[in-house]
Amino acid sequence: MKRFLILFALILLTVPALAAPGTVVSYTIDPEKNAYEHNNLGIMYVEEKDYYAAIQEFKIAISLNPKTQATAVYFNNLGKVYMTIGYPDLALDCFQQAITQYSLNFEFYKNLVGCYKALGQIPKQLEIYKTKTDNPYDKLLLGLLYEENGDIRKAIFVLDEFVVSEPNLMITPAVKSYIQELVNKIM
Numbered sequence: 008m009k010r011f012l013i014l015f016a017l018i019l020l021t022v023p024a025l026a027a028p029g030t031v032v033s034y035t036i037d038p039e040k041n042a043y044e045h046n047n048l049g050i051m052y053v054e055e056k057d058y059y060a061a062i063q064e065f066k067i068a069i070s071l072n073p074k075t076q077a078t079a080v081y082f083n084n085l086g087k088v089y090m091t092i093g094y095p096d097l098a099l100d101c102f103q104q105a106i107t108q109y110s111l112n113f114e115f116y117k118n119l120v121g122c123y124k125a126l127g128q129i130p131k132q133l134e135i136y137k138t139k140t141d142n143p144y145d146k147l148l149l150g151l152l153y154e155e156n157g158d159i160r161k162a163i164f165v166l167d168e169f170v171v172s173e174p175n176l177m178i179t180p181a182v183k184s185y186i187q188e189l190v191n192k193i194m
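To convert, take the position in the sequence shown, counting from 1, and add 7; that gives this note's numbering.
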């Protein structure tokens with residue numbers, strides 16, 4: 008019996024020595040992946056109409072991944088929640104940040120103009136964007152501002168100018184589709 012116990016003790020003592028190095032399970036913290044998960048949680052909270060929790064999740068997502076194209080989506084989602092709960096002044100900065108992060112999503116421009124409308128700034132912004140010509144995306148905002156101001160024909164004209172001047176941009180097909188919607192609206 009003593010032999011058995013000694014042999015058993017030796018086996019137990021040598022087993023850890025025989026294990027391969029690096030078998031310890033490790034977890035790498037990936038802020039980009041976590042930001043994506045927090046954004047999805049925020050979307051889930053919006054669907055449940057828990058807007059405070061959604062705002063917190065979108066803010067966490069932004070802070071985890073602050074300077075990428077995906078961050079533009081997080082800012083846009085945060086702005087939409089602010090608009091939903093009646094804070095267009097907070098949403099304004101979110102939509103502007105979304106456009107700064109990624110300027111090729113037409114929805115961001117529409118949301119920004121909707122925010123201007125909620126703030127009662129359409130006439131003021133219309134005057135500002137009439138004089139801006141340095142950035143081709145200013146035409147998008149100008150066209151959308153004309154539409155919100157009730158001048159759909161001018162909106163079509165300005166948006167069509169954008170499409171003709173920038174035919175190869177990724178945003179152009181969305182603008183073309185929107186022009187078609189506007190044309191159908193006036194017919």
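Positions of the beta carbon are idealized from the N, C-alpha and C atoms, including for glycine.
Nearest residue (CA-CA) to residue i, options the options
i           : options               : result
residue 67  : 41, 79 and 119        : 41
residue 163 : 93, 111 and 185       : 185
residue 91  : 53, 128 and 117       : 53
residue 170 : 182, 160 and 161      : 182
residue 46  : 65, 118 and 177       : 65
residue 72  : 147, 39 and 50        : 39
residue 168 : 157, 156, 140 and 155 : 140
residue 77  : 93, 50 and 105        : 105
DSSP-derived helix/strand/coil call for residue i
i           : result
residue 73  : coil
residue 157 : coil
residue 107 : helix
residue 57  : coil
residue 95  : helix
residue 147 : helix
residue 40  : helix
residue 131 : helix
residue 51  : helix
residue 191 : helix
residue 174 : coil
residue 8   : coil
For residue j and residue i, believed in contact at Cβ under 8 Å, the rounded distance
i           : j           : result
residue 83  : residue 115 : 6 Å
residue 179 : residue 173 : 6 Å
residue 103 : residue 79  : Rounded, the Cβ-Cβ distance is 11 Å, inconsistent with contact.
residue 152 : residue 136 : 6 Å
residue 85  : residue 62  : 7 Å
residue 159 : residue 192 : 6 Å
Pair within 8 Å by beta-carbon distance, residue i and residue j
i           : j           : result
residue 132 : residue 144 : no
residue 88  : residue 58  : yes
residue 111 : residue 176 : yes
residue 197 : residue 95  : In this structure the chain extends from 8 to 194, so residue 197 is not present and cannot be described.
Within-8 Å CB hit, residue i to chain C
i           : result
residue 121 : No chain C appears in the structure shown, which is made up of a single protein chain.
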